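Just remember that my numbering sits 28 ahead of the position in the sequence shown, which is counted from 1. Backbone N, C-alpha and C fix where the C-beta goes; we use that ideal spot for every residue, glycine too. No experiment lies behind these values; they were computed from the predicted model shown.
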Amino acid sequence: MTFFNTFRVQAYNNAWANYRLLSACEKLSAYELTANRTSFFPSIIETLNHIITVDWFYVSALEGTSIGYSAFDPEIPYPDIADLIKEQRIVDRRLIDICEELNETSGARPIDIVRETWTQTERTDRTLLHLFQHQIHHRGQVHAMLSDTNVMPPQLDEFFLGHEIEQALRSDDFAELKFSENHIWR
29 MTFFNTFRVQ AYNNAWANYR LLSACEKLSA YELTANRTSF FPSIIETLNH
79 IITVDWFYVS ALEGTSIGYS AFDPEIPYPD IADLIKEQRI VDRRLIDICE
129 ELNETSGARP IDIVRETWTQ TERTDRTLLH LFQHQIHHRG QVHAMLSDTN
179 VMPPQLDEFF LGHEIEQALR SDDFAELKFS ENHIWR
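Next comes the structure, spelled out in structure tokens:
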């Protein structure tokens with residue numbers, strides 16, 4: 029596997045982790061989604077909305093059409109979990125598509141990230157690393173907040189180990205996401 033294939037695999041893992049976390053959050057009552065909790069953002073739904081708006085911010089820049097801070101207006105675009113899940117799947121697919129095309133040339137390509145009063149230029153690969161870390165960080169916060177609800181937090185610390193038992197554990201999720209082990213690991 030080349031260095032840039034790793035980004036592609038990470039994009040699939042990112043989408044899978046979002047799927048698992050959102051599937052758990054979907055079981056929460058409206059009260060549990062919005063209840064005040066101890067974390068960087070005060071509720072599960074606010075943290076999930078932060079994840080998606082930051083995804084829009086960086087994914088649009090990676091696509092070459094940075095939407096800048098309009099990504100954060102409104103701050104909570106999806107108070108309804110079903111709408112959020114649908115839109116998260118869309119942006120996850122966009123990120124996968126970016127990483128599917130990544131190579132040494134495009135990975136080193138500079139992109140413009142429109143900030144509030146200036147434009148930041150960064151390499152594509154560095155931006156992807158930053159975005160994946162951001163996702164992991166905030167998914168971990170939601171995972172911890174789930175521990176204080178009646179819904180069991182899903183296991184998120186798995187990666188794509190190749191053993192058939194590991195593959196079987198994720199086969200239903202992959203079927204729902206229309207992911208293929210062979211495609212991911214080609």
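Can you tell which of Ala43, Thr30, Ala58 and Ile113 has its C-alpha closest to the C-alpha of Thr177? By one-based count along the sequence shown, residue 177 stands at place 149. Nearest of Ala43, Thr30, Ala58 and Ile113 to Thr177, Cα basis: Ala58.
Could you spell out the range, first to last residue, of the beta strand (DSSP E) harbouring Asp140? Looking up residue 140 in the sequence shown gives position 112. Pro138 to Val142 is the span of the beta strand (DSSP E), which, as asked, contains Asp140.
Whose C-alpha, out of Tyr97, Thr66, Ile139 and Glu194, is nearest the C-alpha of Ala172? As a position in the sequence shown, residue 172 is number 144, starting the count at 1. When only C-alpha atoms are compared, the closest one is Thr66.
Arg65 (DSSP reduced to helix, strand or coil): Numbered from 1 along the sequence shown, position 37 holds the residue referred to as residue 65. Looking at Arg65 - three-state DSSP - the assignment turns out to be coil, as it is neither helix nor strand.
How big is the Cα-Cα spacing for His166 and Val142? Locating residue 166 in the sequence shown gives position 138, counting from the first residue. Locating residue 142 in the sequence shown gives position 114, counting from the first residue. If you draw a straight line from the Cα of His166 to the Cα of Val142, it comes to about 22 Å.
Are there 16 or more other CB atoms within 10 angstroms of the CB of Arg36, so buried, or fewer, so exposed? Walking along the sequence shown from the start, residue 36 turns up at place 8. Buried, by the Cβ-count rule.
Grouping DSSP H, G and I as helix and E and B as strand, with all else coil, what is Arg214? Counting from 1 along the sequence shown, the entry for residue 214 is found at position 186. Reduced to three states, the DSSP call for Arg214 is coil.
Residues near Ala63 by beta carbon distance below 7 Å, same chain, minus five either side: Taking the first residue of the sequence shown as 1, we reach residue 63 at position 35. Once the five neighbours on either side are set aside, the close Cβ partners of Ala63 are Ser71.
From His211, Asn41 and Asn210, residue whose alpha carbon lies closest to that of Arg117: Stepping through the sequence shown from its first residue, residue 117 is reached at position 89. For the options His211, Asn41 and Asn210, the alpha carbon positioned closest to that of Arg117 is the one of Asn41.
Cβ-based burial, Ser208 [other Cβ within 10 Å; buried from 16]: Residue mapping note: residue 208 aligns to position 180 of the sequence shown, counting from 1. Exposed, because fewer than 16 other Cβ atoms sit within 10 Å of the Cβ of Ser208.
With three or more beta-carbon pairs closer than 8 Å as the criterion, would you say the stretch 139-159 touches the stretch 103-110? no
Close Cβ partners of Thr81 (< 6 Å) along its chain, the five nearest in sequence each way excluded: Here residue 81 is taken as the residue at index 53 of the sequence shown, counted from 1. Within the same chain, Thr81 has close Cβ partners Ala99 and Phe100.
What's the call for Tyr47, buried or exposed, on a 16-neighbour Cβ count within 10 Å? Position 19 of the sequence shown, counted from the first residue, corresponds to residue 47. That one is buried.
Give, in chain order, every unbroken run of the alpha helix (DSSP H) that is at least 4 residues long and sits entirely within the stretch 75-128. 109-128
How would you call Ser175, buried or exposed, if buried means at least 16 neighbouring beta carbons within 10 angstroms? Here residue 175 is taken as the residue at index 147 of the sequence shown, counted from 1. Ser175 is exposed by the Cβ-count criterion.
Thinking C-alpha only, which one of Asp153, Ile139, Val119 and Arg121 is nearest Leu130? As a working note, residue 130 is residue 102 in the sequence shown. The option with the nearest alpha carbon to Leu130 is Asp153.
Would you check if the distance between the CB atom of Leu90 and the CB atom of Ile124 is smaller than 8 Å? On the sequence shown, position 62 is the one that residue 90 refers to. On the sequence shown, position 96 is the one that residue 124 refers to. Not in contact: Leu90 and Ile124 (Cβ atoms no closer than 8 Å).
Check Thr152 in the structure and name its three-state DSSP category. Indexing the sequence shown from 1 puts residue 152 at position 124. Helix, per DSSP.
Within 10 angstroms of its Cβ, does Trp44 collect 16 or more other Cβ (buried), or is it exposed? Your numbering for residue 44 matches position 16 in the sequence shown. Looking at its Cβ environment, which holds 16 or more other Cβ atoms inside 10 Å, Trp44 is buried.
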